Amino acid sequence: DWCPDPPDINGGVVTTSGKRVGSTATYTCQSGFILFGDN
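Residue numbers for the sequence shown, in UniProt numbering: 1 to 39.
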């Protein structure tokens, strides 16, 4: 099965390991931004 792209966030970048079920998405903050929460 294929997954849709994860949503973009303001002040951050998302990278994925793939588009299949079981892949991961990692959010990284741009300089000057802080990520709050875990989902």
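Here a beta-carbon is modelled for each residue, glycine too, at the ideal position from N, C-alpha and C. In this text, all values refer to a predicted model and were calculated from it rather than measured experimentally.
In terms of alpha-carbon separation, which member of R20, G12, G11 lies closest to D5?
Nearest Cα to D5 within the set R20, G12, G11: R20.
Taking Cβ positions, are Y27 and G12 nearer each other than 8 Å?
For Y27 and G12, yes; Cβs fall inside 8 Å.
Under the three-state DSSP convention, the category G12 falls into:
DSSP places G12 in strand when its eight states are reduced to three.
Where T28 falls: helix, strand or coil (DSSP)
Here T28 sits in strand by DSSP.
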